[in-house]
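Numbering-wise, our numbering puts 55 at position 66 of the sequence shown, and it's gapless, one number per residue.
C-beta atoms are modelled at their ideal positions from N, C-alpha and C, and glycine is treated no differently.
First the structure, in the form of structure tokens, and then the observations on it.
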Amino acid sequence: MSEQYIKNGIYLVLDPGMELDKLQQQLVKISGCELSAIQIWDNMQHLQEAEINEVFDIVFEIFGDKNIPILINNRWEYLNDRSFDGVHFDHIPLFFEHIVEQIKRPFLKGLTLNNDLSVVSVAEKYGFSYFSFCSMFSSQTSNSCEIVHPETIKTCRQKTEIPIFVAGGITPQNLHLLNDLDYNGVALISGIMKAENPVEQLSKYTQQLNLSK
């Protein structure tokens, strides 16, 4: 079990629908890089259970012995079968207390936020570990999210000390546009996993993060 908090920096989101060999190759390339966390996205509708388990096996084989939390998106039931460190929820589920009881062990809890901050106090009550705002910019992988206003993040920071990550359409070229915001890291998917040189791309993001702090 990794430490029960999310470090500042790059939070990597993996698409389990990505071609398996390509997924493995990219993960091996970045296996020595420092990451805040890894999340397996809930894009599994067209996958058989055996295929899902193959993705899990690859991720845990490469990152399971590193001090990087590994989270599953929404599908909290997997925490009873696999050594996931936490769950990233798109929304706070109904009967959340029941879910916590079913998991029966401490786990990291992440939550996607948009411009509606009404759930922040509820998330604090339930001990959520971090928030991820989606989407800061438009992109192919964030087309299901509304564009988040910078003022929303400023207001959220005034309301809570829970770590804030930003996501959606973020590139090394536009990251500086978020310099005025107080956030803890950037959540990325295609920006890293589709890069020809993911290590170099990670470095570009990290350099911009350092400049923005």
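- Contact between Pro139 and Gln197 does not hold, since the beta-carbon distance rounds to 17 Å and is not under 8 Å.
- Bridge partners of Ile153 according to DSSP: Phe120.
- Contact annotation, Phe85 with Tyr115: C-beta distance approximately 6 Å; criterion of less than 8 Å satisfied.
- Between the alpha carbons of Val155 and Leu102 lies a distance of about 10 Å.
- Looking at the DSSP output, Lys114 shares a beta bridge with no other residue.
- With contacts defined as CB atoms closer than 8 Å, Ser124 and Val109 fail to qualify as a contacting pair.
- Leaving aside the five residues that flank Glu43 on each side, the residues in its chain whose CB is nearer than 8 Å to its CB run, in chain order, Leu9.
- Ile51 sits close to Leu16, with the two beta carbons spaced by under 8 Å.
- CA-to-CA, the gap between His80 and Ile88 works out to about 13 Å.
- As summarised for the region 47 to 129, the continuous beta strand (DSSP E) elements at least 3 residues long and confined to that stretch are 59 to 62, 75 to 78, 97 to 102, 119 to 123, given in chain order.
- In the same chain as Ser20, and ignoring 5 residues on each side of it, the C-beta atoms closer than 8 Å to its own belong to Ile51, Phe52, Lys55, in chain order.
- Closest option to Met33, judged by alpha-carbon separation, among Asn63, Ala26, Leu24: Asn63.
- Taken through DSSP and simplified to helix, strand or coil, Val44 comes out as helix.
- Closest option to Thr144, judged by alpha-carbon separation, among Leu177, Lys193, Leu106: Leu106.
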